[in-house]
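Same order as they appear, the protein sequences are chains C and A.
This note's numbering applies: residue 1 is where the first sequence begins, and numbers increase by one.
This note's numbering applies: residue 1 is where the second sequence begins, and numbers increase by one.
Each remark here refers to the structure printed beneath this line.
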Amino acid sequence: KNQVEQSPQSLIILEGKNCTLQCNYTVSPFSNLRWYKQDTGRGPVSLTIMTFSENTKSNGRYTATLDADTKQSSLHITASQLSDSASYICVVTSNTNAGKSTFGDGTTLTVKP
Amino acid sequence: EAQVTQNPRYLITVTGKKLTVTCSQNMNHEYMSWYRQDPGLGLRQIYYSMNVEVTDKGDVPEGYKVSRKEKRNFPLILESPSPNQTSLYFCASRTPGGVNTGELFFGEGSRLTVL
C-alpha cells in the first residue's frame with residue numbers, strides 16, 4: 001500500500017532559527033514528490049517539486065532534498081519567519097493509476113517571536 | 001488571475017438534506033479532484049476527473065457523487081449528508097504536462113457541518 005509518513009507531527013521554533021521536516025514514502029512506481037505549504041484555513045500551495053533524478057531544489061529559504069534510494073525527502077527552512085507558521089504537506093505522485101497522489105498528514109510548524 | 005473557486009465556503013446543514021458544493025477553475029485544466037481534510041488524517045481523495053464526462057472514485061467516495069459536464073466545473077454532491085461528512089473540503093485542478101510535472105492548485109476550502 002502506498003504511504004507517506006511525515007515527521008515530526010508538530011514543531012515549534014524561534015524566529016530566525018532553521019528547521020528540517022522529514023518525509024518517508026513507499027509510493028511505487030515513483031513519479032515526483034512535492035512539498036506544499038498550507039496556511040490555516042487556506043488551500044495548500046506547492047513549494048517545490050522533486051523528480052527521480054533530482055537531489056536538491058531550492059525555493060528562496062526553502063530547500064528540498066530527495067534520496068530516491070532510501071525513499072526519503074526533507075524540507076529545510078532557513079532563517080525562519082513568523083509567516084512560515086503553517087502545515088507542510090509532503091505529496092508523492094505515482095507513475096501509474098492516473099497519476100494518483102498520496103498525501104502525508106503534514107507537519108505543523110509554529111514560529112514564535 | 002488563475003484560480004479554483006469553491007462555494008459555499010461555509011455551510012451548516014442537517015442530516016439528509018441534499019447539498020452541492022460547486023468548484024470552478026479558470027485554467028483550462030483537464031484534471032480535477034475533490035479532497036476532504038480531517039484532523040489527524042490529512043487530505044484524502046474523494047473523487048477525481050481526468051476530463052469531461054470522465055470521473056473515478058478516490059479513496060473515500062462513499063456518500064458522495066460528482067459530475068463533469070464541462071471542463072471548468074466539478075461539483076461535489078452529497079445526496080443525503082450525515083454527521084460523519086462534517087469536514088473541510090478542497091477542490092483542486094492540476095496543470096498539464098503529464099503525471100511527472102502536474103501541480104495541484106487548490107481552492108480555498110469549504111467547511112461543512114452536518115447536524
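Backbone N, C-alpha and C fix where the C-beta goes; we use that ideal spot for every residue, glycine too.
- Identification of residues in the segment 16-47 of chain C having a C-beta nearer than 9 Å to some C-beta of chain A yields S31, N32, R34, Y36, Q38, G41, R42, G43, P44, V45 and S46, given in sequence order.
- Among the CB atoms of chain A, none fall inside 7 Å of the CB of G60(C).
- For L41(A), the residues of chain C that pass the 9 Å Cβ criterion are D105, in the order they occur in the chain.
- Here DSSP, grouped into helix, strand and coil, assigns L19(A) to strand.
- Distances from the CA of T107(C) to each of S31(C), I12(C), V27(C) and S94(C) were compared; the closest alpha carbon is that of I12(C).
- Boundaries of the beta strand (DSSP E) around F30(C): F30 to Q38.
- Annotation: G41(C) to L115(A) spans about 21 Å, alpha carbon to alpha carbon.
- Of all alpha-carbon atoms in K17(A), F74(A), P96(A) and E79(A), the one lying nearest the alpha-carbon of Y35(A) is that of F74(A).
- Under the 10 Å beta carbon count, A2(A) is surrounded by fewer than 16 other beta carbons and is classified as exposed.
- Shown here, S24(A) sits in a strand according to DSSP, grouped into three states.
- The beta carbon of N59(C) lies closer than 7 Å to those of L47 and T48 in the same chain, with the five residues before and after it left out.
- Here S10(C) is bridged, per DSSP, to T108(C).
- At least one beta carbon of chain C lies nearer than 7 Å to the beta carbon of E103(A).
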